[in-house]
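Notes follow once the structure below has been shown.
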C-alpha cells in the first residue's frame with residue numbers, strides 16, 4: 009500500500025470513529041471531540057515543526073499554549089477601567105524602563121565586542137534591573153488593581169477587541185517567549201533542553217496562576233467573548249427556529265450543535281491554512297535546509313548554514329503555532345483557567361500525537377492529533393465498559409469490581425503510555441512516516 | 160540574649176528542620192535519577208512515578224497491616240510495609256527494563272530515544288498508581304506524631320518560641336543518612352560498586368575488562384528502585400501522598416540532580432539540599448525573625464517575604480534553568496552539556 013493510500017485510509021478511519029461516536033453517543037459529543045481534535049492537530053503541528061523538522065526537544069508546549077490562552081484574555085476581555093486608571097503611570101514607567109534597558113543592552117552589545125560569558129552576565133544584569141524596578145514600581149499598583157472588586161475583576165482586564173484578533177496576538181506572544189527561551193536554552197544538549205523547557209513552562213504557568221493582576225490567577229477569567237453566536241441568542245432568533253424546523257431537530261439541542269459546527273468551521277479554516285503553509289515550507293529549499301541541519305549539523309554548518317540561527321527560527325515558529333492552538337482552545341472554552349495547564353495533558357500528550365503520527369510529517373501530526381485526542385476522551389467510557397464486562401464474573405458488589413470501575417478513568421493514561429511504547433518499538437517512524445522524497 | 164535564642168529556635172523550626180528533611184527526600188530521589196543517568200545514560204522521566212508506585216504499594220500494605228491490627232507504635236506502620244513496597248518497585252523497574260529499555264540498549268539508541276520512551280513508561284506507571292490507590296490525598300502516618308511539641312518545648316525551656324519535631328522528620332533524617340552511607344559504601348568498597356563506577360566512567364574499557372553490562376544495569380535499577388521507594392514513602396509520611404504531587408516532584412528532583420552535576424552522587428545530595436534550602440528560605444516570611452534579631456526596638460513593615468509561597472516549586476525550576484545556562488555541568492561537576 010503506498011503512502012497516499014494509507015493516508016486516505018487512516019483519515020477515513022478517524023472520520024468513521026467520530027461518526028460512530030455521533031451515532032452511538034450523540035452528535036454533540038462527537039462535535040466536542042472533533043473541535044478538540046482540530047485544536048490538538050494544530051498543537052501537534054507546532055511540536056512537529058520543532059521536533060520533526062529540526063530535532064529540537066521542546067517540553068514546554070504547555071507554557072506556550074498557556075501564553076496563547078493569556079493572549080485571548082488580554083485582547084478580548086473587557087478592560088477594567090478603574091484598574092487601568094489606578095496603575096497607568098506605573099505601567100508606563102515599567103514599559104519605559106524595560107524598553108530602555110533592552111535597547112541599552114542591544115546598543116552596548118553591538119558597539120563593543122564581548123565574550124559570550126560577559127554578554128550573558130550583562131544580560132542577567134539587565135534583566136535583574138528590569139525585574140527589581142518593576143517590582144518596586146508595580147508593587148503598590150498591583151495591590152490597588154487586585155483590590156478592585158476582587159470577586160468580579162481584581163485584574164487589569166483586556167483591550168476589549170474582537171476575540172479573533174487573539175489568534176494573531178497569541179502566536180505573537182508565544183513567539184516572543186519562544187525567542188527569549190530559544191535564545192538562552194538552545195545549544196544545550198537535547199535532554200537538558202527538554203528539562204529546561206519543561207522547567208520554564210512550569211514557571212510560566214506558575215506566574216499565570218499567581219499574578220492575579222494579569223490573569224486573575226486561579227480565580228479564572230470567565231465569560232470571554234466568542235467569535236460565534238451564543239446558543240441562547242440562536243434559540244430566540246426566528247431564522248434559526250425555521251432552520252431547526254427544516255432539519256427537524258429540537259431547537260435547544262440543535263443550537264448547541266450549530267455553535268459547535270461554527271467553531272469547527274473556523275478551526276478547519278485555520279488548520280487548512282496552516283497545513284498549506286507548513287507543507288509548502290517543508291517542501292521548499294528552506295525546508296530541505298532545515299532537515300539537512302537536523303540530520304547532520306556538522307555537514308550543514310560546513311555548507312555555510314548558521315545552525316544557531318536556524319534552530320532559533322524553527323523554535324520561534326513552532327512556539328507560535330502552539331500559541332495559536334492555545335488561543336483557539338481558550339476561545340472555544342470561553343474561559344481562561346490557568347490551573348488547568350498540566351504537562352501531562354499539554355506537553356506529553358502532544359508529543360505522543362506527533363510520534364504516533366510520524367515525526368516530520370505534517371499530515372501525520374494532524375492524524376496523530378485526531379487519533380490521540382479521540383482515544384484520550386473515549387478511553388474512559390471504553391475502559392469502563394470493558395471493565396464492566398470483564399468483572400461481571402466476580403459479582404456485582406465485589407469491592408475489587410467497584411474499585412476498578414471507580415478508577416476506570418485512569419485507563420487512558422495506561423492506554424496512551426502503551427501506545428507510545430508500541431509505536432516507539434514497532435514503528436518508530438509513526439503511522440505516516442516522513443517522506444524523504446526525490447528532489448524534484 | 161533571650162531574643163537571640165528565640166530567633167535561633169524560630170529559624171530552626173521553620174527553616175532549618177523542614178528544609179533539611181525536604182532536602183533528604185530530594186537527595187534520595189536525585190540519587191536515583193543520577194544513578195540511572197550514569198549507568199544507562201538517559202534522564203529517566205518516569206522516576207517520579209516510580210517513587211509514587213513504591214509509595215502506593217507501601218500504602219496498600221500499610222492499610223492491610225492496619226486492618227489485621229499489626230503495628231510498631233510509636234513508629235508508623237508504613238516502615239513495616241516498606242520492604243514489600245521496595246520489592247514491588249524492584250520488580251516493576253526490572254520488568255520495564257527487560258520489556259522496554261533493553262531493546263533500545265541493544266540497538267544503542269540515542270539518549271533522546273530513551274527519554275521519549277521513559278515518557279511512555281511514565282504514562283503507564285502513573286495510570287497504574289492511580290489505578291492502585293486512586294487520585295485522592297492520603298495521610299498514612301499512624302505513628303506518634305511528635306517527638307516534642309511546640310508547647311512542651313516552650314514549657315521546658317521557658318522561651319517564647321516553640322520547636323516542634325515530628326517523628327516522621329527524625330525517621331527521614333536517620334533513614335536518609337543510613338541509606339546514603341550504605342550507597343557510598345557500596346559504590347566505594349564492594350566489587351560490584353567498583354564495577355558500576357568503572358562502567359559509568361568508560362563503558363568500552365569496562366566491557367573490555369569483562370564487566371557484564373546487563374548485571375550492572377540490573378543493579379542500577381534495583382538501587383534506583385530502593386531509593387525511589389524510600390524517597391517517596393518518606394515524603395508521603397512527612398506530608399501526604401497524592402499522585403499529582405509526586406508527578407510534580409519530578410522537576411525539583413531533576414533540578415537537584417542537575418544542579419549538583421548530573422551523574423555525580425555527591426552532587427545529587429548537595430543539589431537536593433541546595434534546592435530544598437532555597438525553596439524554604441526564599442518563601443519564608445522573615446518578619447518575626449528580624450524583630451527578634453533587632454531586639455524588638457524596631458518592627459519591620461510587611462511580612463518580609465522574598466517570594467510568595469505559591470512560587471515554592473518555581474524556585475527550584477529557576478535555579479535549574481540558571482544552572483543549566485551558566486554552568487551546565489553543575490556545581491560539583493558532572494556530565495557535559
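Protein chains in written order, with the working numbering: chain A, 9 to 448; chain B, 160 to 496.
For each residue, glycine too, the CB sits at the ideal point set by N, CA and C.
If you're wondering where the values come from, they're calculated on a predicted model, not measured in any experiment.
Put residue i into one of helix, strand or coil per three-state DSSP.
{"i": "residue 258(A)", "result": "coil"}
{"i": "residue 496(B)", "result": "Low confidence applies here, because residue 496(B) scores a pLDDT of 48, under 50, leaving its location unreliable; read the following figure in that light. Note: residue 496(B) maps to coil in three-state DSSP."}
{"i": "residue 483(B)", "result": "helix"}
{"i": "residue 164(A)", "result": "coil"}
{"i": "residue 65(A)", "result": "coil"}
{"i": "residue 490(B)", "result": "coil"}
{"i": "residue 448(A)", "result": "With a pLDDT of 47 at residue 448(A), under the threshold of 50, the modelled position of that residue is not reliable, and no figure is offered here."}
{"i": "residue 350(A)", "result": "coil"}
{"i": "residue 307(B)", "result": "strand"}
{"i": "residue 463(B)", "result": "coil"}
{"i": "residue 434(B)", "result": "helix"}
{"i": "residue 440(A)", "result": "coil"}
{"i": "residue 234(B)", "result": "strand"}
{"i": "residue 370(B)", "result": "coil"}
{"i": "residue 3(A)", "result": "Given a span of 9 to 448 for chain A in the structure shown, any question on residue 3(A) remains unanswerable."}
{"i": "residue 229(A)", "result": "strand"}
Could you list which residues in chain B have their beta carbon closer than 7 Å to that of residue i, in chain order?
{"i": "residue 433(A)", "result": "262"}
{"i": "residue 424(A)", "result": "282"}
{"i": "residue 144(A)", "result": "Simply none; closest approach about 13 Å."}
{"i": "residue 51(A)", "result": "Those do not exist, as residue 51(A) stays about 16 Å from chain B at its closest Cβ, beyond 7 Å."}
{"i": "residue 303(A)", "result": "Going along chain B, no residue has its Cβ under 7 Å from residue 303(A), so there is no contact; the nearest lies around 13 Å."}
Which chain B residues sit within Cβ distance under 9 Å of residue i?
{"i": "residue 154(A)", "result": "Near residue 154(A) there are no residues of chain B at all, since even the closest Cβ is about 12 Å away, more than 9 Å."}
{"i": "residue 388(A)", "result": "In chain order: nothing, as chain B lies at least about 12 Å away."}
{"i": "residue 241(A)", "result": "The premise fails here: residue 241(A) is roughly 39 Å from chain B at the closest Cβ pair, so nothing lies under 9 Å."}
{"i": "residue 419(A)", "result": "286, 290"}
Should residue i and residue j be called a contact, given that it needs their Cβ atoms to be closer than 8 Å?
{"i": "residue 213(A)", "j": "residue 74(A)", "result": "yes"}
{"i": "residue 419(A)", "j": "residue 391(A)", "result": "yes"}
{"i": "residue 398(B)", "j": "residue 442(B)", "result": "no"}
{"i": "residue 418(B)", "j": "residue 430(B)", "result": "yes"}
{"i": "residue 363(A)", "j": "residue 432(A)", "result": "yes"}
{"i": "residue 270(B)", "j": "residue 199(A)", "result": "yes"}
{"i": "residue 323(A)", "j": "residue 78(A)", "result": "no"}
{"i": "residue 469(B)", "j": "residue 191(A)", "result": "no"}
{"i": "residue 205(B)", "j": "residue 221(B)", "result": "no"}
{"i": "residue 233(A)", "j": "residue 267(A)", "result": "no"}
{"i": "residue 375(B)", "j": "residue 198(B)", "result": "yes"}
{"i": "residue 204(A)", "j": "residue 328(A)", "result": "no"}
{"i": "residue 325(B)", "j": "residue 304(B)", "result": "yes"}
Could you tell me which of the options sits nearest to residue i, measuring between CA atoms?
{"i": "residue 49(A)", "options": "372(A), 70(A), 60(A)", "result": "372(A)"}
{"i": "residue 373(B)", "options": "361(B), 390(B), 355(B)", "result": "355(B)"}
{"i": "residue 61(A)", "options": "237(A), 379(A), 321(A)", "result": "321(A)"}
{"i": "residue 301(B)", "options": "474(B), 347(B), 238(B)", "result": "238(B)"}
{"i": "residue 477(B)", "options": "167(B), 411(B), 252(B)", "result": "411(B)"}
{"i": "residue 312(B)", "options": "165(B), 465(B), 281(B), 469(B)", "result": "165(B)"}
{"i": "residue 313(A)", "options": "326(A), 146(A), 293(A)", "result": "293(A)"}
{"i": "residue 414(B)", "options": "279(A), 283(A), 243(A), 201(A)", "result": "201(A)"}
{"i": "residue 302(A)", "options": "103(A), 27(A), 59(A)", "result": "59(A)"}
{"i": "residue 406(B)", "options": "353(A), 177(A), 219(A)", "result": "353(A)"}
{"i": "residue 445(B)", "options": "160(B), 172(B), 161(B)", "result": "172(B)"}
Residues of chain A with CB under 8 Å from residue i, in chain order?
{"i": "residue 275(B)", "result": "359, 363, 428, 432"}
{"i": "residue 371(B)", "result": "Within chain A, no residue comes near residue 371(B); the closest Cβ sits about 24 Å away, beyond 8 Å."}
Show which residues of chain A have a CB atom less than 7 Å away from the CB atom of residue i.
{"i": "residue 259(B)", "result": "429"}
{"i": "residue 480(B)", "result": "204, 207, 208"}
Under 9 Å between beta-carbons, which chain A residues line up against residue i? List them in chain order, please.
{"i": "residue 185(B)", "result": "Correct list: empty, because the minimum Cβ distance to chain A is about 15 Å."}
{"i": "residue 413(B)", "result": "203, 206, 207"}
Verify the CB distance criterion: does residue i have a CB-CB separation below 8 Å to chain E?
{"i": "residue 444(B)", "result": "The structure shown contains no chain E; its protein chains are A and B."}
At least three beta-carbon pairs within less than 8 Å, the segment 79-87 of chain A to the segment 165-174 of chain A: yes
Touching by the beta-carbon criterion (3+ pairs, under 8 Å), the segment 190-203 of chain B and the segment 381-394 of chain B: yes
Segment contact, 8 Å Cβ cut-off, at least three pairs: the segment 39-57 of chain A with the segment 257-276 of chain A: yes
Three-pair Cβ contact test at 8 Å for the segment 287-298 of chain B versus the segment 391-409 of chain B: yes
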